[in-house]
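Chains E and Y are the protein sequences, given in the same order.
Residue numbers for the first sequence follow this note's numbering, so the first one is 2 and each next one is one higher.
Residue numbers for the second sequence follow this note's numbering, so the first one is 2 and each next one is one higher.
Every residue gets a Cβ at the ideal spot worked out from N, C-alpha and C, and that includes glycine.
Nothing here was measured: the structure is a model prediction, and the numbers come from that model.
There are 2 protein chains.
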Amino acid sequence: MSQQRTGSPGNTPGTPDFPDIPEATVARLPEYLRALHSLAEAGHDTASSESLAVAAGVNSAKLRKDLSHLGSNGTRGVGYNVERLIGQIEHVLGLTTLRAVALVGVGNLGHALAGYSGFTTRGFHIAALFDADPTRVGERINNLVVRHIDELAAVVDTCRIAIGVIATPAHAAQGVADVLVNSGVTSILNFAPCVLSVPDGVDVRKVDLAVELQILSFHEHRKAALTGTVTL
Amino acid sequence: MSQQRTGSPGNTPGTPDFPDIPEATVARLPEYLRALHSLAEAGHDTASSESLAVAAGVNSAKLRKDLSHLGSNGTRGVGYNVERLIGQIEHVLGLTTLRAVALVGVGNLGHALAGYSGFTTRGFHIAALFDADPTRVGERINNLVVRHIDELAAVVDTCRIAIGVIATPAHAAQGVADVLVNSGVTSILNFAPCVLSVPDGVDVRKVDLAVELQILSFHEHRKAALTGTVTL
DNA sequence: TAATGTGAACCAGTTCACAGCG
DNA sequence: CGCTGTGAACTGGTTCACATTA
């Protein structure tokens, strides 16, 4: 699971029409979706909970319980209809409309994200790039011109952008977040290694590449200690 | 937390000398470390659980319980000694030795990762770059020459590399993982959008950029549904 | 019959609230 | 007195195992 969540501080309300889905389940739905697409490509038009679970890297009981939150979609004795389930999950995740994303910070990482085809192929459209550095403004990346961050509010407004990605250095991130929020962005994906504070109702997810390695480091350390055996 | 974990399938054993620490706590220690470094830079040499918790974006009770797993380090009535706690956490995470990392795949994302200063400044050293594409072999990135993936086993062995980063397209990732594992790598950070299968004892963490956006998309979708109010 | 869907048991993780200590 | 450290209560999530159904 990634990490920081702000907004909707209490529980998801849940309406009859829009049942509330546990956060842990939500975090796995995209993985199921990916697995389903790969099964579809392989020619399967139906899949059992077991085969889907394997493709998604979870156990089948968990998968069935997760899917049960979207209403019952399977057929007993048969499994799930792949195309139907893809539609189901895309609907729940709100992927039926292409979502516009603003990317702030076109340094090393931001540059790569701007060119990352995975966003484009999975429901998102990078609509605008921003940077604070005037020497970078005007640069063309992947058919998009880098704009100065002062233009952000206007662009977010006209392009109806609801999601912002922060790929700036840590010291600039909070300022960028403030601008994004004031411009009407309500979801932020933060790659800067720092905590963002945002008002209620704004969701933040954080990805910290170094943290991932540090977690692996812990396990390496532990494995080494156990292999060397008997104290150290 | 990020996601896939393989290896140590049961529970962490835990020795008197190396107490077992809950996985959720391990995942937060790097964040505490970062917060501590920023407090240290700001000149604090002591910090209360409350102030540290704010800097790390968690609540103070959780932070205290997390730290209690490393043994008691605070002083009642005062707080924690910042430098001492930094040392404590670095020790537990195994960050006292610089860890060598092999990066496979120098496409869009891999290129950015190779140049990412956050790895270097936080305990890791990218020791070698690999790619399968012969036209990329020989390219120089950040003072490192891209090698052909066939050389991987030899380099991993001589440089004693225990951690591998996969930044290849999904279809190549499992093959790369196999090579890494056979070469002696025991921890993998996977940026490819696919499930890897690895033997017990090998840890895998997965970062999927598009998944993060899809999770945000869900919340956007929900917020929109609730704002539009009364069914849809 | 072969699979789903789900109550019930279980487990990990979080929060509370306060005793204990410097 | 103010803070940490921690048992106890609670919450959310996972797994089990089976009744149910196409």
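A buried status is given to H222 (chain E), since no fewer than 16 other beta-carbon atoms sit within 10 Å of its beta-carbon.
Proximity of A56 (chain Y) to chain E, defined by a Cβ-Cβ separation below 9 Å, is satisfied. A56 (chain E) and V196 (chain Y) have their C-alpha atoms some 7 Å from each other.
Against chain E, the CB of S188 (chain Y) has a partner CB under 9 Å away; the residue lies at that interface. Residue pairing by DSSP puts H126 (chain Y) in a beta bridge opposite Y:A101.
Taking a beta-carbon distance threshold of 9 Å, P200 (chain Y) does not count as an interface residue toward chain E. With respect to chain E, the C-beta atom of G95 (chain Y) has a partner C-beta closer than 9 Å. Counted as a single uninterrupted DSSP element, the stretch harbouring H38 (chain E) is not any beta strand (DSSP E) but the alpha helix (DSSP H) occupying residues E24 to E42.
Taking a C-beta cut-off of 8 Å against chain Y, the contacting residues of the region 204 to 232 of chain E are D204, R206, V208, D209, L210, A211, V212, E213, L214, Q215, I216, L217, S218, F219, H220, E221, H222, R223, K224, A225, A226, L227 and T232, listed in chain order. Spatial neighbours of G124 (chain Y) in its own chain (CB-CB distance under 6 Å, excluding positions within 5 residues in sequence) are listed in chain order as L96. Residue pairing for R223 (chain Y): DSSP places it in no beta bridge. N109 (chain E) carries a helical assignment under DSSP once its states are collapsed to helix, strand and coil.
Annotation for D179 (chain Y): the continuous alpha helix (DSSP H) segment containing it runs A171 to S184. Here the C-alpha atom of V156 (chain E) lies approximately 43 Å from the C-alpha atom of R100 (chain Y). Within 7 Å of the CB of R35 (chain E), the CB atoms of chain Y belong to P194, in sequence order along the chain.
Leaving aside the five residues that flank Y81 (chain Y) on each side, the residues in its chain whose CB is nearer than 8 Å to its CB run, in chain order, T47, A48, S49, S50, L53, L68, N74 and G75. Taking C-alpha positions only, R77 (chain Y) is separated from R65 (chain Y) by approximately 12 Å. G106 (chain Y) is positioned such that its CB atom lies closer than 9 Å to that of I167 (chain Y). In this structure the region 122 to 138 of chain Y does not lie against the region 208 to 221 of chain Y, because fewer than three pairs of beta carbons, one per stretch, are closer than 8 Å. Secondary structure within the region 41 to 92 of chain E: the alpha helix (DSSP H) runs of 4 or more consecutive residues, fully enclosed, are 50 to 57 and 61 to 69 (chain order). Within the model, the alpha-carbon separation for L30 (chain Y) versus L94 (chain Y) is close to 8 Å. Counting only runs of at least 3 residues, the region 127 to 169 of chain Y fully encloses the following beta strand (DSSP E) elements, listed from N- to C-terminal order: 145 to 149 and 164 to 167. A Cβ-Cβ separation of about 16 Å leaves V79 (chain Y) out of contact with L37 (chain Y) under the 8 Å criterion.
With a contact defined as Cβ atoms closer than 8 Å, S188 (chain E) and H220 (chain Y) qualify at about 6 Å. Contact check for P20 (chain Y) against G72 (chain Y) passes: the beta carbons are separated by less than 9 Å.
In the structure shown, L197 (chain Y) adopts coil according to DSSP, grouped into three states. Between H149 (chain Y) and E140 (chain Y), the alpha-carbon positions lie close to 11 Å from each other. In this structure, E:D201 is the residue among E:D201, E:K224 and E:A226 with its C-alpha nearest to the C-alpha of K224 (chain Y).
At the C-beta level, V180 (chain Y) and N191 (chain Y) stay beyond 9 Å of one another. According to DSSP, V205 (chain Y) shares a beta bridge with Y:I189. At a Cβ-Cβ threshold of 9 Å, I90 (chain Y) and A115 (chain Y) do not count as neighbours. At a cut-off of 9 Å between beta-carbon atoms, R148 (chain E) makes no contact with chain Y. By the criterion of a C-beta distance shorter than 7 Å, A211 (chain Y) is surrounded in its chain by P194, once the five residues flanking it on both sides are discounted.
Non-local C-beta neighbours of A41 (chain Y) in its own chain, meaning closer than 8 Å and more than five positions away in sequence, comprise V83, E84 and I87, ordered along the chain.
In the structure shown, the three-state DSSP call for G116 (chain E) is coil.
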